Every structure is written in C-alpha cells, then in structure tokens.
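Student: Questions regarding the structure given below will be posed in turn.
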C-alpha cells in the first residue's frame with residue numbers, strides 16, 4: 003500500500019487547509035486510515051482516524067476544528083483543518099492499518115501555521 007499525502011503548506015492562524023491521502027495498492031486490506039503529526043523532538047501523535055465503516059475519532063486538541071473524511075470512489079482520505087493554530091505546526095503523516103496487523107506510512111507533508 004502506498005499513501006502519498008498532499009495539501010500541506012503555510013497558512014495563517016485561524017485559516018484552513020485540507021490534507022489528502024490517496025491509497026494505492028492492496029487497498030481492500032485497509033481497516034482504518036489515520037492522520038498523525040510530529041514536531042521535531044517529540045513523538046508522533048494521532049490527530050484523527052477513520053475506519054472502513056466510517057467511524058471517526060479525534061485527538062482532544064483538534065476536536066471541533068478538524069474533520070476526517072473519506073471518498074471511497076477515489077480511495078482518498080481527507081483531513082479538513084479549520085481554525086488552525088500555531089501549535090498545529092508539524093509534519094503530518096498518513097497511516098493505514100491493514101489486515102494481519104500490517105501498518106503503512108505515507109511520506110509526510112509539512113503544515114506551518116503562522117501567528
């Protein structure tokens with residue numbers, strides 16, 4: 003499974019950004035897709051995840067601001083980021099959890115929020 007991510011960039015605080023994660027390969031094996039983020043020197047943390055059935059969960063820090071969604075026809079998962087804050091600045095990674103405990107990571111996309 004390949005997970006090229008896109009949509010990162012520079013945005014002002016209070017603005018919006020949409021990240022995309024397109025899945026290629028053995029997509030039938032994917033159970034859930036999540037967005038994670040990492041700041042240099044800190045552990046990678048879960049931002050939001052969505053299951054193949056459409057159930058979503060969010061980190062407390064982004065609830066009410068970020069929305070994860072999926073377009074099954076395009077095999078793509080999105081992360082809509084609204085009301086962004088400087089503390090949302092990080093490299094965002096897409097991760098797919100597949101059958102037989104396999105995990106796939108995308109290459110990451112940088113989001114920078116200016117104050």
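In the working numbering, the protein residues as written are 3 to 117.
Ideal placement from N, C-alpha and C gives every residue a C-beta, glycine not left out.
As the structure is a computational prediction, the values presented were derived from the model and not from experiment.
If you draw a straight line from the C-alpha of residue 123 to the C-alpha of residue 53, how long is it?
Tutor: Any question about residue 123 goes unanswered here, given that the chain covers just 3 to 117.
Student: State the start and end residues of the unbroken beta strand (DSSP E) segment that holds residue 111.
Tutor: Here the beta strand (DSSP E) through residue 111 covers 111-116.
Student: Just to check my reading of the structure: residue 70 and residue 58 have Cβ atoms closer than 8 Å, yes? What is that Cβ distance to the nearest angstrom?
Tutor: Yes, they are in contact, since the Cβ atoms of residue 70 and residue 58 sit about 5 Å apart, within 8 Å.
Student: Return the chain-ordered list of same chain residues with a C-beta closer than 7 Å to the C-beta of residue 36, the five sequence neighbours on each side being excluded.
Tutor: So the qualifying residues of the chain are 48, 50, 51 and 97.
Student: Taking only three categories from DSSP, how would you classify residue 62?
Tutor: Reduced to three states, the DSSP call for residue 62 is coil.
Student: Report the partner residues of residue 50 according to the DSSP bridge assignment.
Tutor: 37 and 60.
Student: State the beta-bridge partners of residue 11 as determined by DSSP.
Tutor: 113, per the DSSP bridge assignment.
Student: Looking at the structure shown, is residue 102 part of a helix, part of a strand, or coil, going by DSSP?
Tutor: In this structure, residue 102 counts as helix in the three-state DSSP scheme.
Student: Please report how far the alpha carbon of residue 65 lies from the alpha carbon of residue 107, in whole angstroms.
Tutor: Near 23 Å, if we compare the C-alpha coordinates of residue 107 and residue 65.
Student: Can you give me the start and stop residues for the beta strand (DSSP E) that residue 126 sits inside?
Tutor: There is simply no residue 126 to check, as the chain begins at 3 and stops at 117 in what is shown.
Student: Of the choices 78, 103, 85 and 110, whose alpha-carbon is the least far from that of residue 13?
Tutor: Among 78, 103, 85 and 110, the Cα nearest to that of residue 13 belongs to 85.
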